[in-house]
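Q: In this note's numbering, the protein residues as written are 284 to 771.
In this text, a Cβ means the ideal position worked out from N, Cα and C, and glycines have one as well.
What you are looking at is a predicted structure, and each value in this text was computed from that prediction instead of being measured.
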Amino acid sequence: MKAGPKAAVDDSALPWRPRSKGSARFAKFCETYIKVPKGTGARSPLRLRSWQRDLVGSVLDADPRPRTAGWMLPRGQGKSSLTAALGVYELFEGGEGATVCVVAVDERQAGIVFNIARRMVELDEDLSSRCQVFKERLYIPNTDSTFHCLPAEPKRLEGLDYTLAILDEAGVANRDSYEVLTLAQGKREISTLVCIGTPGPNLDDQVLLDLRSHAADNPEDTSLVWREYSAAGFEDHPPDCSHCWELANPALDDYLHRDALHALLPPKTREATFRRARLCQLPIDNDGAFLPPGVWDSLSTNEPVPVGVDVVLALDGSYNGDTTALLVATVSPEPHFDVVRVWDPKGDTDYRVPVAEVEQTIRESCKRWRVQEICADPFRFTRTLQALEAERLPIVEFPHSPSRLTAATTDLYKACVNGALTHSGHPTLAAHVAAAVIREDPRGMRLDKASRSRHARKIDCAACLVMAHSRATWRATKKKNRARSFKR
């Protein structure tokens with residue numbers, strides 16, 4: 284972004300007069316003014332593929348122009364670049380007061396789309412000389428036209444008046460945000476909302492699949508158009524079926540590389556997740572279970588953690604009505620796990636966690652093993668962690684932030700399916716791992732309960748497992764520190 288005043292811009296029209304209309308005109312605009320900002324073909328003119336023309340044509344070639352469009356594609360098809368190019372086109376060609384709004388699931392995703400659009404403008408002299416580039420928006424003073432990106436937060440979207448709005452990652456978008464966007468229409472003769480994305484993990488409640496169902500049940504409704512690239516109907520084919528790959532991935536062997544899909548095949552990723560994200564299939568058995576059947580049992584040695592070895596302790600604490608767990612893991616690239624103790628309310632609504640007992644169990648564990656560190660989320664257990672640290676025990680806080688849990692959960696999953704850890708076969712640990720499910724969003728996957736109900740199966744030992752694996756394997760890469768002793 285150029286520094287300095289933004290006032291000096293060329294107020295003349297773009298030097299082109301194509302005779303084509305609709306998607307053909309958009310394709311000509313891309314060839315003339317849009318450069319690929321990165322990746323395959325970087326800095327070369329953006330030449331639309333036929334399938335991209337079909338997507339855009341579902342809106343630009345329709346008469347009357349639809350109010351809503353749904354586009355469903357697997358990951359890796361260049362959705363962000365296509366939506367950015369469409370937004371830039373509408374900014375320059377949408378007429379007086381054109382307003383383009385790209386709504387993404389969060390600030391990070393919104394920034395991705397905006398930065399692609401910004402770079403497209405900066406790479407062409409004709410576009411950059413007529414457009415002011417700000418931190419979070421593009422603006423053309425001559426027509427008072429604006430392009431901006433926003434996170435999908437309903438309160439941020441109230442009062443919009445757009446010619447084109449694009450809801451990115453509609454498979455995981457907030458339903459309230461979608462409704463605010465769609466209800467903003469009607470102020471202009473032409474105003475279209477494009478919902479684009481890959482099916483999200485929650486198949487029971489998502490905007491993208493609801494649009495799909497409505498389009499199938501109401502083909503006469505011209506206010507909505509639907510386009511999808513998927514291998515739907517071929518769920519009985521194996522996940523490495525080339526026919527399904529080619530059917531669902533129009534960018535395959537173009538700028539989506541086949542070896543990348545091979546590298547993600549189960550068991551490296553769960554089959555249900557692979558089918559949904561890479562084939563746009565909606566498997567019936569997609570219950571979100573953390574591990575494939577049989578994987579956890581195959582890792583059992585029926586042996587405890589030996590006394591006196593270097594270990595990491597992981598604590599998942601609660602205050603009342605919930606389980607508190609303490610897990611031990613050997614410090615190793617392939618750690619061994621066992622349960623130290625679990626405090627379970629067993630349905631007692633008046634149950635309070637015996638905090639003093641938890642603290643004493645940690646002290647006793649420090650006498651039994653050479654404890655390199657004790658990791659825990661400080662939420663609701665700050666006082667305990669401070670007290671133990673005052674006793675010179677090696678406390679390490681492990682806040683349950685999305686970025687930290689995403690990386691730790693992914694590493695744990697890979698270790699399990701690749702046989703890079705073992706465990707004692709403790710039944711409570713096995714039950715908690717079996718009860719854990721995966722919650723996915725654009726930031727990655729994280730371990731979670733199947734529901735928020737008080738009666739949902741517990742996963743506290745599994746939460747300890749995520750923390751303990753992360754810290755034990757990290758410790759194994761560092762020089763061994765002398766564990767702090769605990770005096771009796």
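1) If contact is defined by three or more beta carbon pairs under 8 Å, each pair taking one atom from either stretch, is the region 365-376 in contact with the region 392-411?
2) Between the region 458-468 and the region 500-511, do at least 3 Cβ pairs fall closer than 8 Å?
3) Using beta-carbon positions only, say whether L443 and C384 come within less than 8 Å of one another.
4) Out of V508, W652, R302 and E511, which one is the CA nearest neighbour of P772?
5) Please list the terminal residues of the continuous beta strand (DSSP E) segment that includes H709.
6) For the region 381-396 against the region 353-366, are there 3 or more C-beta pairs whose distance is under 8 Å?
7) Looking at C-beta atoms only, is the number of pairs between the region 712-721 and the region 741-759 that lie closer than 8 Å three or more?
8) Using the rule of at least 16 other Cβ atoms within 10 Å of the residue's Cβ for burial, across every protein chain shown, is I784 buried or exposed?
9) Starting from Y422, follow its DSSP beta bridges and name the residues at the other end.
10) What would DSSP say about C658, mapped onto helix, strand or coil?
11) Output yes or no for whether 8 Å exceeds the beta carbon distance between V416 and D451.
12) List the whole-angstrom C-beta distance separating Y512 from L356, where the pair is believed to meet the contact cut-off of C-beta under 8 Å.
13) What residue does the alpha helix (DSSP H) around V386 start on, and which one ends it?
14) Based on Cα-Cα distance, which residue from A435, S581, H619 and P628 lies nearest to S601?
15) Which runs of the alpha helix (DSSP H) spanning at least 4 residues fall entirely within the region 483-526, listed in chain order?
16) When burial is assigned at 16 or more other CB atoms within 10 Å of the CB, is G380 buried or exposed?
17) Specify, as a first and last residue, the run of the beta strand (DSSP E) that L596 falls within.
18) Identify whether L609 lies in helix, strand or coil by the three-state DSSP scheme.
19) Output needed for A325: all residues of its chain with C-beta closer than 6 Å, excluding positions within five of it in sequence on either side, in chain order.
20) Using a C-beta cutoff of 8 Å, does Q392 count as contacting chain C?
21) Pull up the CB-CB distance for V592 and T613, whole angstroms please, since I reckon it's below 8 Å.
22) So, for P328: in the same chain, excluding its five sequence neighbours on each side, which residues have a beta-carbon less than 6 Å away from its beta-carbon?
23) Quick one: measure Cβ to Cβ for T465 and L447, integer angstroms, because I've assumed they're closer than 8 Å.
24) In or out: S303 buried (at least 16 other Cβ within 10 Å) or exposed?
25) Evaluate A546 with the Cβ neighbour count: other Cβ atoms within 10 Å of its Cβ, from every protein chain shown; 16 or more gives buried, anything less gives exposed.
26) In whole angstroms, give me the CA-to-CA distance for G516 and P685.
27) Let me know the secondary structure DSSP gives R771 once reduced to three states.
28) For C563 and A531, I'd like the C-alpha separation in whole angstroms.
29) Taking all protein chains shown into account, decide if P521 is buried (16 or more other Cβ within 10 angstroms of its Cβ) or exposed.
30) The beta strand (DSSP E) with R624 in it runs from where to where?
31) Assuming E680 is part of the beta strand (DSSP E), what are its boundary residues?
32) Comparing alpha-carbon positions, which option in S411, R561, F573 and R336 lies nearest D731?
33) Evaluate T429 with the Cβ neighbour count: other Cβ atoms within 10 Å of its Cβ, from every protein chain shown; 16 or more gives buried, anything less gives exposed.
34) Note down, in chain order, each residue of its chain lying with its Cβ closer than 6 Å to the Cβ of A703, except the 5 sequence neighbours on either side.
35) My understanding is that A698 touches S753, with C-beta atoms under 8 Å, so please give their C-beta distance in whole angstroms.
36) Let me confirm a value: E656 is counted as buried when at least 16 other C-beta atoms fall within 10 Å, else exposed. Which label applies?
A: This is what the structure holds:
1) yes
2) no
3) Working through the sequence shown from its first residue, we reach residue 443 at position 160. Working through the sequence shown from its first residue, we reach residue 384 at position 101. Cβ distance < 8 Å, so L443 and C384 count as in contact.
4) The structure shown has nothing for residue 772, since the chain only spans 284 to 771.
5) Here residue 709 refers to the residue found at position 426 of the sequence shown. No beta strand (DSSP E) holds H709; DSSP gives it neither H nor E.
6) yes
7) yes
8) The shown model of the chain, from 284 to 771, leaves out residue 784, and the question about it has no answer.
9) Stepping through the sequence shown from its first residue, residue 422 is reached at position 139. In the DSSP output, where bridge partners are listed per residue, Y422 has Q415 and T429.
10) What you label residue 658 is simply residue 375 of the sequence shown in a count that begins at 1. The three-state reading of DSSP puts C658 in strand, counting E and B together.
11) Taking the sequence shown and counting its residues from 1, the one referred to as residue 416 is at position 133. Taking the sequence shown and counting its residues from 1, the one referred to as residue 451 is at position 168. No.
12) Residue 512 sits at position 229 when you count from the first residue of the sequence shown. Residue 356 sits at position 73 when you count from the first residue of the sequence shown. Their Cβ separation, rounded to whole angstroms, is 5 Å, which keeps Y512 and L356 in contact under 8 Å.
13) Numbered from its first residue, the sequence shown carries residue 386 at position 103. No alpha helix (DSSP H) holds V386; the beta strand (DSSP E) holding it covers T382 to A387.
14) For the purposes of this step, residue 601 is identified with residue 318 of the sequence shown, where counting begins at 1. The candidate whose alpha carbon is nearest that of S601 is P628.
15) Fully contained in the region 483-526 are the following alpha helix (DSSP H) runs of length 4 or more, in chain order: 490-500.
16) Working through the sequence shown from its first residue, we reach residue 380 at position 97. Per the 10 Å Cβ criterion, exposed.
17) For the purposes of this step, residue 596 is taken as the residue at position 313 of the sequence shown. D593 to D599 is the extent of the beta strand (DSSP E) around L596.
18) In the sequence shown, counting from the first residue as 1, residue 609 sits at position 326. Three-state result, L609: strand.
19) Working through the sequence shown from its first residue, we reach residue 325 at position 42. Answer for A325: V319, listed in chain order.
20) Within the model displayed, chain C is absent; a lone protein chain is all it includes.
21) The residue given as residue 592 occupies position 309 in the sequence shown. The residue given as residue 613 occupies position 330 in the sequence shown. About 6 Å separates the two Cβ atoms, so the contact holds.
22) Along the sequence shown, one-based indexing puts residue 328 at 45. So the list reads E314, once near-sequence residues are dropped.
23) Position 182 of the sequence shown holds residue 465. Position 164 of the sequence shown holds residue 447. About 13 Å; that fails the 8 Å criterion.
24) As a working mapping, residue 303 is identified with position 20 in the sequence shown. Looking at its Cβ environment, which holds fewer than 16 other Cβ atoms inside 10 Å, S303 is exposed.
25) The count along the sequence shown starts at 1 and reaches residue 546 at position 263. A546 is exposed by the Cβ-count criterion.
26) Position 233 of the sequence shown, counted from the first residue, corresponds to residue 516. Position 402 of the sequence shown, counted from the first residue, corresponds to residue 685. Spanning the two alpha carbons is a distance of roughly 34 Å.
27) Locating residue 771 in the sequence shown gives position 488, where the first residue counts as 1. Confidence is the limiting factor: at R771 the pLDDT is only 40, short of 50, which leaves the residue's position unreliable, though a coordinate-based value still follows. Three-state result, R771: coil.
28) Start at 1 with the first residue of the sequence shown, and residue 563 comes out as number 280. Start at 1 with the first residue of the sequence shown, and residue 531 comes out as number 248. Near 7 Å, if we compare the C-alpha coordinates of A531 and C563.
29) Position 238 of the sequence shown, counted from the first residue, corresponds to residue 521. With fewer than 16 other Cβ atoms within 10 Å, it is exposed.
30) Position 341 of the sequence shown, counting from 1, holds the residue named residue 624. Its beta strand (DSSP E) spans residues H619 to W626.
31) In the sequence shown, the residue the question calls residue 680 occupies position 397. Its beta strand (DSSP E) spans residues I678 to E680.
32) Start at 1 with the first residue of the sequence shown, and residue 731 comes out as number 448. That would be F573, whose Cα lies nearest to the Cα of D731.
33) If you number the sequence shown from 1, residue 429 lands on position 146. Result: buried.
34) Against the sequence shown, residue 703 aligns to sequence position 420. E617, listed in sequence order.
35) Along the sequence shown, read from residue 1 onward, the residue named residue 698 stands at position 415. Along the sequence shown, read from residue 1 onward, the residue named residue 753 stands at position 470. Not confirmed; about 10 Å, so no contact.
36) To locate residue 656, count along the sequence shown from 1; it is residue 373. Buried: at least 16 other Cβ atoms inside 10 Å.
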